[in-house]
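So the sequences go chain by chain: A and B.
Position one of the first sequence corresponds to residue 1 (UniProt numbering), numbered consecutively onward.
Position one of the second sequence corresponds to residue 1 (UniProt numbering), numbered consecutively onward.
Idealized CB from N, CA, C, for every residue including glycine.
A quick note: this is a predicted structure, and the numbers were derived from the prediction, not measured.
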Amino acid sequence: MKKIFSLAAGTATLLGVVMAGNAMANTTLENIREKGHLQCGVTSGLPGFSQPDDKGNWTGIDVDTCRAVAAAIFGDASKAQFTPLTAKERFTALQSGEIDMLSRNTTWTLTRDASLGLNFAGVNYYDGQGFLVSRELGVSDATELDGATACIQAGTTTELNMADYFRTHGMEFNALVFDTSEQTVQGFAAGRCDVLTSDRSQLAALRSKLTDPNSAVILPTIISKEPLGPVVRQGDDQWFNIVKWTLFTQVNAEELGITSANVDEMKSSDNPSIQRLLGTDGDMGEKLGLSADFGYNIIKEVGNYGEMYNRNVGPGTPLDLERGLNALWTEGGIMYAPPVR
Amino acid sequence: MSETTSQITPARAKPWNDPRVRSLVFQLVAIAGVMWGGWTLVDNTLANMEARGISTGFGFLEQSAGFGIIMSLIPYEATDSYGRTFWVGLLNTLLVSGLGIVAATLLGFMIGVARLSSNWLIAKLSLAYIEIIRNIPLLLQIFFWYFAVLRNLPSPRQSVELGGLFFLNNRGFYLPDPIALPGFGWVELALAIAIASVIALRIWAKRRQQATGQIFPTGKVSLAILVTLPVLAFLATGAPLDWTVPELRGFNFRGGITIIPELAALWVALSLYTASFIAEIVRSGILSVSKGQTEAARALGLRQGLTLRLVVIPQAMRVIIPPLTSQYLNLVKNSSLATAIGYPDLVSVFMGTTLNQTGQAVEVVAMTMAVYLTISLLISFVMNLYNRAVALKER
């Protein structure tokens, strides 16, 4: 009899597992509100983008994007929790529902957008692939890299760009593929490869991890377009809109001159664009399923896009990256957000 | 009540009381349950993936892969298909597993025997080896061999050179690659003849020994045949062999054969680690042979080496083979740690890069699991055949 019971229990468990997929009737937003925090997938440690400090607090531009979404939902940026993921794990973690959004330095491509059951919600950093080489090699241009061995992180668009670039230039290369960016740096530092190739922002971050950062240079060549941004699961448009408009709110705020320092004064501004953005006028929050002051909360807790950029990767930080493409469209960059209206 | 029961013939029980029928029914129900469960899993997975817009199916295997792989035993270009990356990864896995099994077996047997040596120093050294190596996690050992060795090797421009033919640097060990010219077929033919004649010689020598008791020096003669015949053929056809010698061009050496440091590190780590387990298995096997066997052999006048080879080891094999099979299986599966140091094995190439570029996790993981299962079952099958051959035959 005992056996039959355990068999029945086993069958029930199996059924539970099988049926669980169909039982996800709640929207992502409802689920997040219910569990009381936003679960966000980030890198396992990339300075400037997402890295835990010595107290275990995560910092970086990708982390701030998550915190901005948490601020929009809860009015409290600290309600974002982070799951470190390798490049190989990231999409599966999002597909399986282990995380609510992925903000992990991820390039927006057609294949990823169309065949993984995922949607890219926008771009929080425009990047391009480059090369880091040892200074003593005396290489000044990527076209001199014929026959080189390159350290690459597995599961990235970098692997494909690298092969394309060398093929179109009629050059040979050896691709040495590691699991994490940490290992690519180790391989590069040990002299196993001549070149470390990745997105240029990452190269700046990885270079700062070398014992002597000055021993390596980033070549000026850019071989690809790498728009990096947050990703959500397909099929929940409300959630997709929330993440998308959190990004747009930060860019619009910078354009309107709203910062975390002056956001309280700005609340009394006469400018209708500012009023709509901060929720003193209109029902923008309600349309997204959020509170009216979600824009205020984002700026108050995390800041506008420019603040987020300068704090994490901008000039003066270890990465020391100029705004470049990531400047506002009004200042020669391509950061452009649709109007809040 | 009692009247009615007494009228029923006890010989034929009702079907639901018949233990055979009942067990059959229960088994059928269980099988149906398992099949239904499996079908539901597959069907649900497919339906859910469809609903979430995730691509399914094996069509991706035909598409162009578009990424490079550092080491391949078959010709591979970035323009080849994902299907081909599967074979590249699989062959690299088989290569390191095969090399590992051979090295681990040889080393394991030597250390296992040495562990029982009457020489105090040799016995204790073997003991130390076993206890140190088998108690450190394999992944750490792989990292040790990779980074510790890699950091101490020179860069390509300062390579350690041997006669301008062999080069060692932190990109690998480079050696000349032989190219067969026309006429080399004769050398291969000579080798084949040599092997055939050695086999014939062995059969003849064994028969003669059984008939007359005379021992023929088979080992030395075999070696002489194996070396002389091909060499004579090689010289007679005018040395039809050319070599591509590796040379430094740009960043790296090109031409010749390259043994990449990832392969070397993985091979060394896997072999040393598994050898420590095999050594213990060999020791247990040898100790399982009763001392009387050795004493009897010595009493017959067999020397120590012959005692070990002809009396002890054949009996020890019965105990050794089953756990040895497990170690071989472990080694093959452990080779998937390759991904940690960038050796392009099946897990790194196919379940890593290919999975990521296509996003078809379910198909790729299923294929990879099927491969490991197939390799393991094949090894099991072969080892079981061997086990049957050496097992105690009760007459």
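Quiz item: Can you find a CB in chain B that lies within less than 7 Å of the CB of Ala23 of chain A?
Solution: For Ala23 of chain A, the predicted structure reports a pLDDT of 43, less than 50, and the residue's modelled location is therefore unreliable. The matter cannot be settled from this model.
Quiz item: Can a CB atom of chain B be found closer than 7 Å to the CB of residue 409 of chain A?
Solution: Limits of chain A in this structure are 1 at one end and 341 at the other, which puts residue 409 of chain A out of reach.
Quiz prompt | Where Thr353 of chain B meets chain A, residues with beta-carbon distance less than 7 Å | solution = Ala154, Gly155, Glu159, Val177
Quiz prompt | Span of the beta strand (DSSP E) around Thr197 of chain A | solution = 195-199
Exercise. Verify the CB distance criterion: does Gly117 of chain A have a CB-CB separation below 7 Å to chain B?
Key: yes
Quiz item: Closer than 7 Å, CB to CB, is Ala163 of chain A near chain B or not?
Solution: yes
Exercise. Please list the partners that residue 352 of chain A has in chain B, where partner means a Cβ-to-Cβ separation under 8 Å.
Key: The structure shown has nothing for residue 352 of chain A, since chain A only spans 1 to 341.
Quiz item: Is it right to say Ile179 of chain B is buried, meaning 16 or more other beta carbons lie within 10 angstroms of its own, or is it exposed?
Solution: Counting every other CB atom within 10 Å of its CB across the protein chains shown gives Ile179 of chain B a total below 16, marking it as exposed.
Quiz item: Do we get a CB-CB distance below 7 Å when we pair Leu150 of chain B with the residues of chain A?
Solution: yes
Quiz item: So, is Leu369 of chain B buried or exposed, given that buried needs 16 or more other C-beta atoms within 10 angstroms?
Solution: Rather than Leu, the amino acid found at residue 369 of chain B in this sequence is Met. The residue is exposed, with fewer than 16 neighbouring Cβ atoms inside 10 Å.
Quiz item: Residues in its own chain within less than 6 Å of Pro52 of chain A by CB, not counting five upstream and five downstream?
Solution: Same-chain partners within the cutoff: Trp58.
Practice problem: Report yes if the C-beta distance between Asn256 of chain A and Ile274 of chain A is below 7 Å; otherwise report no. | Solution: The displayed chain sequence assigns Leu, not Asn, to residue 256 of chain A. Yes, the pair counts as a contact, with Cβ atoms nearer than the cut-off.
Quiz prompt | Beta-carbon contacts of Phe58 of chain B that lie in its chain and below 8 Å, excluding the five residues immediately before and after | solution = Glu363
Practice problem: Alpha carbon to alpha carbon, how far is Thr56 of chain B from Lys2 of chain A? Give it in angstroms, no decimals. | Solution: The predicted position of Lys2 of chain A is uncertain, since its pLDDT is 46 and thus under 50; a value taken from the coordinates is nonetheless stated next. Using only the alpha carbons, I get a separation of about 41 Å.
Quiz item: Taking the C-alpha atoms as reference points, what is the distance between Tyr309 of chain A and Met49 of chain B?
Solution: Cα to Cα, Tyr309 of chain A sits roughly 36 Å from Met49 of chain B.
Practice problem: For the region 319-347 of chain B, enumerate the residues whose C-beta is nearer than 9 Å to any C-beta of chain A, in chain order. | Solution: The residues in question are Thr339, Ala340, Ile341, Gly342, Pro344.
Quiz prompt | Cβ pair count under 8 Å reaching 3, the region 273-288 of chain A against the region 319-330 of chain A | solution = Taking a cut-off of 8 Å for Cβ pairs, the region 273-288 of chain A and the region 319-330 of chain A do not touch, as fewer than three such pairs fall below it.
Quiz item: Does the pairing of the region 58-73 of chain B with the region 232-251 of chain B give three or more beta-carbon distances under 8 Å?
Solution: no
Quiz prompt | Those residues which DSSP pairs with Asn119 of chain A across a bridge | solution = A:Val232
Practice problem: Go through its chain and collect everything with a Cβ distance to Ile341 of chain B's Cβ below 8 Å, but skip five positions before and after it. | Solution: Ile142, Phe143, Tyr146, Glu262, Ala265, Leu266
Quiz item: Between which two residues does the beta strand (DSSP E) carrying Tyr126 of chain A extend?
Solution: 125-127
Practice problem: Determine the contact status of Gly117 of chain A and Gln39 of chain A, defining contact as a CB-CB distance below 7 Å. | Solution: no
Exercise. Output yes if chain B places a C-beta closer than 7 Å to the C-beta of Gly130 of chain A; else output no.
Key: no
Quiz item: What's the call for Gln158 of chain B, buried or exposed, on a 16-neighbour Cβ count within 10 Å?
Solution: exposed
Quiz item: How would you write the range of the beta strand (DSSP E) that Leu241 of chain B sits in, first residue to last?
Solution: DSSP places Leu241 of chain B in the uninterrupted beta strand (DSSP E) bounded by 241-244.
Quiz item: Can you pull the DSSP bridge partners for Arg254 of chain B?
Solution: Partner(s): B:Glu247.
Exercise. Compute the beta-carbon to beta-carbon distance between residue 376 of chain A and Tyr305 of chain A, rounded to the nearest angstrom, for a pair I have assumed lies under 8 Å.
Key: Given that chain A is displayed from residue 1 to residue 341, the structure contains no residue 376 of chain A and the question cannot be resolved.
Quiz item: Which one or two residues does DSSP pair with Tyr336 of chain A in a beta bridge?
Solution: Paired residues: none, contrary to the question.
Quiz item: What distance in whole Å lies between the Cβ atoms of Val133 of chain A and Val195 of chain A, which are believed to be in contact at a cut-off of 8 Å?
Solution: 5 Å
Quiz item: Just how far apart, CA to CA, sit Val390 of chain B and Val319 of chain B?
Solution: 10 Å
Practice problem: Check the Cβ-Cβ distances between Asp212 of chain A and every residue of chain B, and say whether any is below 7 Å. | Solution: For Asp212 of chain A, no Cβ of chain B is located within less than 7 Å of the residue's own Cβ.
Quiz item: Among residues of its own chain, excluding the 5 on either side of Leu377 of chain B, which ones have a beta-carbon nearer than 8 Å to its beta-carbon?
Solution: none
Quiz prompt | Closest Cα partner of Ser336 of chain B within the set B:Ile136, B:Phe350, B:Leu324, B:Ser326 | solution = B:Phe350
Practice problem: Might you give, ordered along the chain, the residues of its own chain that have their beta carbon closer than 6 Å to the beta carbon of Gly285 of chain B, omitting 5 neighbours on each side? | Solution: Ala316, Val319, Ile320
Quiz prompt | Boundaries of the alpha helix (DSSP H) in which Phe240 of chain A is found, first to last residue | solution = 237-255
Quiz item: Residues of chain A with CB under 7 Å from Ser55 of chain B, in chain order?
Solution: Ser115, listed in chain order.
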